[in-house]
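Here is the structure we will look at, set down as structure tokens.
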Amino acid sequence: DTGVSQDPRHKITKRGQNVTFRCDPISEHNRLYWYRQTLGQGPEFLTYFQNEAQLEKSRLLSDRFSAERPKGSFSTLEIQRTEQGDSAMYLCASSSTDRAVFNSPLHFGNGTRLTVT
Amino acid sequence: QKEVEQDPGPLSVPEGAIVSLNCTYSNSAFQYFMWYRQYSRKGPELLMYTYSSGNKEDGRFTAQVDKSSKYISLFIRDSQPSDSATYLCAMSAISTLTFGKGTMLLVSP
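This is the structure:
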């Protein structure tokens with residue numbers, strides 16, 4: 001079990017640029033989540049996938065944000081036209097599920113820290 | 118009112134003390150309750166996971182859930198300097214986790 005892997009660990013970009021982050025979940029996990037965490041706050045839910053299907057998106061996920069999980073394995077989160085307010089830690093988590101019941105806790109990666117200058 | 122309230126601290130205790138961390142919540146649909154520990158510049162790490170009301174013990178850690186009061190607690194016995202971290206409560210109704218702000222704990226030798 002290699003855990004949830006996120007790449008890159010840190011990204012610095014200029015305002016207006018596009019950025020893309022990658023997450024590799026634990027191999028047998030079928031659910032994959034994206035969260036955002038700012039300093040002094042707990043993680044806030046952005047979106048989640050069950051296999052390749054994106055099942056839920058938070059209202060925090062503006063149209064500049066898009067997430068994909070094309071083959072039900074790794075996922076990417078893209079932010080277009082970045083703004084300074086996008087500066088945060090972007091966390092990926094995965095879990096396994098039994099039927100439709102949420103009974104498996106989330107396992108988090110170490111995040112990608114985005115700084116928009 | 119936020120769905121999950123947690124005192125951000127910091128909470129400073131001497132080594133060996135018993136630590137009590139708490140969260141309150143407003144959504145009565147929450148039925149899965151978790152505690153995560155987060156070290157600086159790392160992702161949250163799952164500590165305890167409970168379903169519905171009651172107590173659960175794992176080593177020096179005890180998690181309590183009181184659904185009637187919408188109150189959950191994490192107790193740490195014989196606290197160690199290595200326990201210094203931010204502790205996040207999290208809870209779920211069906212599919213997504215809602216987190217508290219986290220409480221920063223500092224255990225001094």
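For the protein sequence lines, the chains are A and B, in the order given.
At position 54 of the first sequence the residue is numbered 54 (our numbering), and the sequence of numbers has no breaks.
At position 39 of the second sequence the residue is numbered 156 (our numbering), and the sequence of numbers has no breaks.
Ideal placement from N, C-alpha and C gives every residue a C-beta, glycine not left out.
Residue state for residue 198 of chain B is assigned as helix, using DSSP reduced to three classes. When secondary structure is reduced to three states using DSSP, residue 85 of chain A falls in the helix class.
In this structure, the alpha-carbon of residue 186 of chain B lies about 36 Å from that of residue 26 of chain A. For the stretch 80 to 113 of chain A, the set of residues with a beta-carbon nearer than 7 Å to any beta-carbon of chain B comprises 91, 102, 105, 106, 107, 108, 109, 110 and 111, in chain order. In chain A, no part has a C-beta under 9 Å from the C-beta of residue 138 of chain B; the shortest such distance is about 13 Å. Between the alpha carbons of residue 171 of chain B and residue 183 of chain B lies a gap of roughly 7 Å.
The three-state reading of DSSP puts residue 218 of chain B in coil, since its state is none of H, G, I, E or B.
The Cβ atoms of residue 68 of chain A and residue 54 of chain A sit closer than 9 Å to each other. Residue 4 of chain A and residue 133 of chain B have their C-alpha atoms some 33 Å from each other. Residue 16 of chain A is outside the set of residues whose beta carbon lies under 9 Å from a beta carbon in chain B. Residues of the stretch 151 to 164 of chain B whose Cβ lies closer than 9 Å to any Cβ of chain A, in chain order: 151, 153, 155, 158, 159, 160, 161, 162 and 163.
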